[in-house]
Amino acid sequence: MRTPSAINLSAEDLLALYRRMLLIRRIEERLGEDFKRGDLPGPVHLYIGEEAVATGVCAHLTDADWIASTHRGHGHFLAKGGDPRLLVAEVYGRAGGVCRGMGGSMHVADFSKGILGANGIVGGGIALAVGAALAAQLDRKGAVSVAFFGDGAANQGVLMEALNVSALWKLPLVLVCENNGFSEFSPTATVTVGAIADRAKPFGVPSAAVDGNDVIAVWQAADAAVRRARAGEGPTLIECRTYRLRGHVESEASFLAGSYRNDEEVAAWAKRDPIARLAGYLDEHGLAPASAREAIEAEIAAAVADAVAFATESPYPPADQARQFMFA
Amino acid sequence: MARRRMIQAINEALAEEMARDPRVILFGEDVEISIMGDTRGLHATFGPDRVRNTPICETVMTGMAVGAAAAGYRPICHMMYGNFLYTGMDAIANQAAKLRYMTGGQIKLPLVYMGVFGAGRSSAAQHSDAMHPVFMNLGGIKVVLPASPADAKGLLKSAIRDDNPVIFLQAAGRGGEAGEVPEEEYTIPLGVAEVKRPGRDVTLVAIGAMVRPALRAAEALAGEGVAVEVIDPRTLMPLDAETIVASVRRTGRLVVVDEARDTCSAASHIVAVATEGAWGALKAAPRRVTVPDVAIPYSPPLEKALLPDPERIAAAVRATLER
Ligand SMILES: Cc1ncc(C[n+]2csc(CCOP(=O)(O)OP(=O)(O)O)c2C)c(N)n1
Ligand SMILES: [Mg+2]
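Chains A and B, in that order, are what the protein sequence lines are. Following the working numbering, the residues of the first sequence are numbered contiguously, the last one being 329. Following the working numbering, the residues of the second sequence are numbered contiguously, the last one being 445.
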C-alpha cells in the first residue's frame with residue numbers, strides 16, 4: 002500500500018504536495034511571528050501541523066470546484082490555489098488583500114478560484130458547500146464541492162442536515178472533518194461522543210477515518226471521495242485525525258490562566274509532523290534528492306518574502322471603503 | 123388589468139421569472155405541492171432540478187441558498203412561515219448579509235428568502251410574528267413587504283432580479299385578497315414607496331397588511347374633513363425616506379402603522395428618520411400604532427385586541443391634530 006508503486010502518485014506529484022504544504026507552513030510561521038511582534042491587526046488561527054489535510058484534498062480540485070473553509074482557513078486558501086500575496090495583504094488589513102481588507106484572516110475568499118471563504122462561524126461553511134454542490138449538480142459539468150470543518154463543528158446540527166439532504170439528492174459533496182483534538186480549549190473527548198466518521202453511517206454515506214498527518218493517506222481518501230462525487234454518486238465524509246501544533250489562536254497565552262494540554266503531547270505530535278513525514282518518505286524511497294527539497298525551500302522562502310513585501314507596500318484602504326460592498 | 127388574488131400574483135411572478143431566467147431555482151418544504159398555493163404548478167412546469175422539496179432543515183437551507191448564489195444561481199428559498207427564518211437565522215445574518223461585504227465585493231448574492239408573516243388567523247405565537255424589523259437591522263438584506271397583489275407581483279419580480287439577498291414577506295391570511303394586476307409585463311423597483319392616497323393634513327405610513335386598515339381610517343377621516351396621505355414604503359430596507367420626509371414636511375404630522383412589536387419596530391425607525399428629516403415642519407409629536415411588546419395570542423378576541431385596526435389608526439391620527 003505505501004510503496005511508491007502502490008500509490009498513484011509520481012515523485013513529481015509528491016514534490017508538488019510537499020511544496021504546497023511547505024508554502025502553507027512558512028507563510029503561517031511568518032504570520033505567527035508578525036502576530037507576536039504585534040504587527041497584525043486581528044487574531045489568527047494557524048493551521049501549522051494540519052497542512053496535509055487541505056493539501057491532500059485540494060490536490061484533486063480545480064478552480065471549477067468549490068471549497069468552504071473555517072476560521073483556521075489560510076491552509077485551505079493556499080492549497081486551493083489562493084495567492085499568498087493576496088492572503089498576507091488581507092491578514093495585514095491592506096487594500097491589496099484578497100478581500101481588500103474587509104474580511105481579514107477569518108474571511109479570506111477568492112471566488113474566482115472556487116474558494117467560498119474562511120468562516121468565522123464554526124460550522125458555517127458546511128451549508129454554503131452544500132449550496133455550491135447543488136449548483137454543481139445542476140451545472141452537470143462534474144464539479145464538486147468540499148466542506149472543511151473541525152471536530153468542534155461536527156457537533157453543530159447543520160452537519161446532520163447536510164448529510165441528510167446531500168445523501169438524499171446525491172450531491173457532489175465531500176465533507177472533510179479536521180479532527181485536531183480540540184474544540185478551542187476543550188479536548189475533543191470532553192465534548193464529542195463516538196467517532197465523527199461514524200456520523201455518516203445512518204445516512205448510508207461512505208466514510209473513512211484517516212491519518213490526517215499523512216498527506217498520502219489523505220490524498221487517497223480524497224481521491225475516492227472526489228471521484229465518487231464527480232460520478233454523481235453522492236457525498237462522502239472523511240475524518241482526518243490530526244493535531245494543531247500551535248495554539249487555538251495566536252493570542253491565547255495572553256488570556257488563558259492555565260494550560261489545557263501538556264508539552265509531551267505536543268512534542269509527540271510534532272514527531273508526526275506531516276511535512277517531515279513526507280520528506281522522510283521521499284528519502285526512504287529515493288524519490289527525490291535532498292537538493293530538490295532544498296530548492297523548494299529556497300523557492301518558498303522567496304515566495305514568502307515576496308508576499309510580505311507586497312503586503313507591506315500595500316496601503317490601508319481609504320476610510321470610505323467601510324461603507325462599500327454591502328449591496329451590489 | 124386582471125383581477126388576481128395575492129397568491130396568484132405571487133405565483134405568476136415566480137413562474138414568469140423562472141421562465142425568463144434558467145438560473146432561478148426554488149426550494150423549500152413542500153413547495154412541490156405548495157401549502158400556500160404560491161408555488162403551485164411550478165414543479166410540473168420547471169421540473170425537479172429547478173423546483174425541489176427540501177427536508178425540514180432550515181439551518182442548511184438558508185446557507186444552501188448562499189452557496190448556490192455564490193456559485194452562480196439565483197435561488198429562491200421558501201421558508202413557509204416567516205418565523206422559521208429564525209431557525210435558519212445563522213446563514214441569513216452571518217453569511218447572506220455579510221459574505222459580499224466581508225470578501226470585498228467579490229461576488230453578488232442574488233437570492234430571495236420568502237415566507238408569510240403576521241397575525242390574524244389564530245396561528246398563535248410561533249406562526250404569527252411580524253419579523254421584518256429584525257432583518258431591517260442586519261444591513262445586507264433587502265426587506266420587502268407588499269400590500270396588494272399588484273405590488274406583490276411587481277416587487278417579487280424585482281426581488282428575484284436583484285443581485286442581493288432579499289427577504290420577501292407576504293402577509294399571512296391576506297393571500298386571498300384580490301386586486302387589479304396589470305396584464306402586461308411590469309416590475310416595481312425596490313426601495314421606492316408609493317403614495318396610496320394623497321392628502322395634505324396628516325402623513326400616515328402603513329406597512330404590509332396595515333395598508334388596508336390605514337386606507338379605511340383615511341376614508342373615515344375624510345368624512346371628518348381630515349385629508350390623510352397614506353404612504354406604503356413597500357420596501358423597508360432600503361427605505362424610501364425621501365418620499366416619507368417630503369410628505370411630512372408638507373403635512374407636519376405623522377402616524378406610522380406597523381404590525382411589528384413596538385420596541386424597535388419599523389415604525390420606530392420611520393418615526394426617527396422622519397423626525398430628523400422634517401423636524402422644523404412638525405406640528406405635533408409623531409405617533410406609532412404598533413403591537414404591544416407581547417407574543418401573539420391564539421384566541422380570536424385576544425388577537426384582534428392587539429392588532430392595529432382602522433379605529434385605533436384613526437384615533438392616532440386625530441391625536442396628532444389636537445394641537
Ligand atoms: C457558531 C460559533 N460558536 C462558537 C465560536 C467560537 N469558536 C471559534 S473556533 C471554536 C472551536 C472550533 O473547533 P473546531 O471546529 O474543532 O476547529 P479548530 O479550531 O479545532 O480548527 C469556537 C468554539 C464560533 N466562532 N462560532
Ligand atoms: Mg478542532
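Quick reminder that beta carbons are idealized off the backbone N, C-alpha and C, glycines included. Since we're looking at a predicted model, the values are computed, not measured.
I think residue i touches residue j, with their Cβ atoms under 8 Å apart; what is that distance to the nearest whole Å?
i	j	result
isoleucine 157(B)	methionine 202(B)	6 Å
histidine 254(B)	leucine 267(B)	6 Å
alanine 148(A)	alanine 69(A)	5 Å
glutamate 381(B)	isoleucine 329(B)	7 Å
valine 188(B)	leucine 283(A)	Not confirmed; about 41 Å, so no contact.
methionine 22(A)	isoleucine 276(A)	5 Å
glutamate 162(A)	valine 182(B)	4 Å
isoleucine 8(A)	isoleucine 239(A)	About 17 Å separates the two Cβ atoms, so there is no contact after all.
valine 327(B)	isoleucine 353(B)	5 Å
glutamate 151(B)	asparagine 175(B)	7 Å
Find out if the Cβ-Cβ distance for the pair residue i, residue j is shorter than 8 Å.
i	j	result
glycine 185(B)	glutamine 217(B)	yes
alanine 192(B)	phenylalanine 112(A)	yes
asparagine 332(A)	threonine 193(A)	Nothing can be reported for residue 332(A): it is not among the residues displayed for chain A, which extend from 2 to 329.
valine 175(A)	alanine 230(A)	yes
alanine 222(A)	valine 211(A)	yes
valine 393(B)	leucine 404(B)	no
arginine 142(B)	glutamate 302(B)	no
leucine 172(A)	leucine 135(A)	yes
proline 408(B)	alanine 396(B)	yes
arginine 383(B)	valine 314(B)	no
valine 146(B)	valine 173(B)	no
methionine 128(B)	glutamate 299(B)	yes
glycine 182(A)	valine 54(A)	no
alanine 144(A)	alanine 226(A)	no
At what residues does the alpha helix (DSSP H) containing residue i begin and finish?
i	result
cysteine 59(A)	52-59
valine 250(A)	That residue, valine 250(A), is in no alpha helix (DSSP H); it is neither H nor E in DSSP.
isoleucine 392(B)	388-400
asparagine 1(A)	Nothing in the structure corresponds to residue 1(A), since chain A is present only between 2 and 329.
serine 369(B)	363-373
phenylalanine 168(B)	164-172
glycine 189(B)	180-192
leucine 277(B)	271-283
Which residues mark the beginning and the end of the beta strand (DSSP E) in which residue i is found?
i	result
proline 197(B)	196-203
phenylalanine 311(A)	First-last for phenylalanine 311(A): 291-314, but that is the alpha helix (DSSP H), not the beta strand (DSSP E).
aspartate 152(B)	Aspartate 152(B) -> no beta strand (DSSP E), and no H or E assigned at all.
leucine 291(B)	287-293
phenylalanine 257(B)	Note, phenylalanine 257(B): premise wrong, no beta strand (DSSP E); alpha helix (DSSP H) at 254-258.
serine 146(A)	146-151
Decide if residue i is buried, meaning its Cβ has at least 16 other Cβ atoms within 10 Å, or exposed.
i	result
glutamate 180(B)	buried
lysine 114(A)	buried
tyrosine 317(A)	exposed
aspartate 40(A)	exposed
lysine 318(B)	buried
lysine 272(A)	exposed
leucine 257(A)	exposed
leucine 424(B)	exposed
aspartate 68(B)	It is not possible to answer for residue 68(B), since the shown part of chain B is limited to 123 through 445.
tryptophan 401(B)	exposed
alanine 27(A)	Sequence check: residue 27(A) is arginine here, not alanine. The residue in question, arginine 27(A), is buried, as its Cβ has 16 or more Cβ neighbours within 10 Å.
threonine 63(A)	exposed
serine 208(A)	buried
lysine 264(B)	buried
tryptophan 306(A)	Here residue 306(A) turns out to be alanine, not tryptophan, going by the sequence shown. Under this definition alanine 306(A) is an exposed residue.
valine 378(B)	buried
Pick out whichever of the options has its Cα sitting closest to the Cα of residue i.
i	options	result
arginine 334(B)	Met359(B), Arg322(B), Ala293(B)	Ala293(B)
tryptophan 67(A)	Tyr19(A), Gly118(A), Ala17(A)	Gly118(A)
phenylalanine 206(B)	Leu443(B), Ala247(B), Gly301(B), Pro422(B)	Ala247(B)
threonine 309(B)	Cys386(B), Val350(B), Leu278(B)	Leu278(B)
alanine 438(B)	Ile329(B), Pro422(B), Lys426(B), Ala340(B)	Ala340(B)
proline 197(B)	Ile282(B), Glu302(B), Ala441(B), Leu361(B)	Ile282(B)
methionine 327(A)	Gly261(B), Pro422(B), Gly402(B)	Gly261(B)
arginine 294(A)	Val131(A), Pro42(A), Leu16(A)	Leu16(A)
glutamate 251(A)	Ala289(A), Arg73(A), Ala60(A)	Arg73(A)
aspartate 199(A)	Asp152(A), Leu18(A), Trp220(A), Asp284(A)	Asp152(A)
isoleucine 289(B)	Gly298(B), Val324(B), Pro232(B)	Pro232(B)
serine 244(B)	Ala252(B), Tyr420(B), Phe168(B)	Tyr420(B)
glycine 210(B)	Asp171(B), Gly169(B), Thr167(B), Phe257(B)	Phe257(B)
glycine 276(B)	Gly242(B), Leu429(B), Leu136(B), Glu364(B)	Leu136(B)
arginine 372(B)	Ala342(B), Glu346(B), Pro320(B)	Pro320(B)
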